[in-house]
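Residue numbers 1 to 169, in the UniProt record's numbering, belong to the letters of the sequence shown in order.
Okay, structure first, notes after.
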Amino acid sequence: MIVDTAAGVLGGVLLLRFWMQLIRVRPPSSVAQFTFTLSDWLVRPLRRIVPGMGGYDWASLLGAFLVVLAATSILLLVGTSGQAVVLIALVRLLDWILYGFMGLLIIEVIFSWVNPHAPLAPFVRALNDPLLRPLRRVIPPVGGLDMSVLVAFILIQIAQFLLRQVFYI
Numbered sequence: 001m002i003v004d005t006a007a008g009v010l011g012g013v014l015l016l017r018f019w020m021q022l023i024r025v026r027p028p029s030s031v032a033q034f035t036f037t038l039s040d041w042l043v044r045p046l047r048r049i050v051p052g053m054g055g056y057d058w059a060s061l062l063g064a065f066l067v068v069l070a071a072t073s074i075l076l077l078v079g080t081s082g083q084a085v086v087l088i089a090l091v092r093l094l095d096w097i098l099y100g101f102m103g104l105l106i107i108e109v110i111f112s113w114v115n116p117h118a119p120l121a122p123f124v125r126a127l128n129d130p131l132l133r134p135l136r137r138v139i140p141p142v143g144g145l146d147m148s149v150l151v152a153f154i155l156i157q158i159a160q161f162l163l164r165q166v167f168y169i
């Protein structure tokens with residue numbers, strides 16, 4: 001449980017780092033310092049092996065996969081094959097990505113209720129914008145309420161359900 005929690009935090013930071021660079025969002029200094037301090041020890045050596053191509057930080061994504069693979073490798077002790085461990089790690093990485101998106105949506109909702117002008121609110125909005133923009137084009141506000149966050153949350157949960165059904169997790 002401790003290994004899984006530590007892997008989840010580090011993997012989440014690596015995935016956040018990848019997402020920030022993918023959508024070209026500049027984080028506030030406190031978030032940047034936390035993210036880079038926690039992940040540079042892994043990302044910098046990986047960049048020598050996997051350089052960024054096409055403007056993507058592939059080293060951060062590979063680092064997240066290696067973290068989930070290391071956490072999943074405990075299954076080798078109970079006799080799970082190496083191929084199964086790699087497949088389970090890939091599915092867990094996809095699950096972490098979906099949970100990360102749900103977490104960002106929840107944070108945006110909390111900011112909109114509590115303090116929409118908080119210093120981190122624009123940053124979280126920018127992180128969620130690629131998910132919500134296509135939905136906002138299709139779903140009009142209902143009574144002044146933006147329902148796109150709720151629809152995005154439901155779609156992510158459907159994706160998680162399908163992921164688990166396909167891979168029997």
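For glycine and all other residues, C-beta sits at the position ideal for the given N, C-alpha and C.
In this text, all values refer to a predicted model and were calculated from it rather than measured experimentally.
- In this structure, DSSP gives Leu120 a state outside helix and strand, which the three-state scheme calls coil.
- DSSP, reduced to helix, strand and coil, places Met53 within a strand of the structure shown.
- Put simply, the region 113–128 does not touch the region 40–60. Fewer than three CB pairs are less than 8 angstroms apart.
- By DSSP's assignment, Leu145 forms a beta bridge with Val142.
- In the three-state DSSP reduction, Pro45 falls in the helix class (H, G or I).
- The beta carbon of Asp57 is closer than 6 angstroms to those of Phe18, Gln21 in its chain, skipping five residues each way along the sequence.
- A check of alpha carbon separations from Leu16 across Ile139, His117, Met102, Asp146 identifies Met102 as the nearest.
- Between Ile49 and the set Gly143, Gly63, Gly55, the nearest pair of CA atoms involves Gly63.
- Of all alpha-carbon atoms in Ile158, Ile2, Gly11, the one lying nearest the alpha-carbon of Arg92 is that of Gly11.
- For Ser60, the enclosing alpha helix (DSSP H) covers residues 58–72.
- DSSP, reduced to helix, strand and coil, places Arg24 outside both helices and strands of the structure shown, so it counts as coil.
- Within the same chain, Phe111 come within 8 angstroms of Ala118 by CB-CB distance, once the 5 residues on both sides are set aside.
- In the structure shown, Met102 falls within a helical segment according to DSSP collapsed to helix, strand and coil.
- Straight across, the Cα-Cα distance linking Tyr99 with Leu127 is about 14 angstroms.
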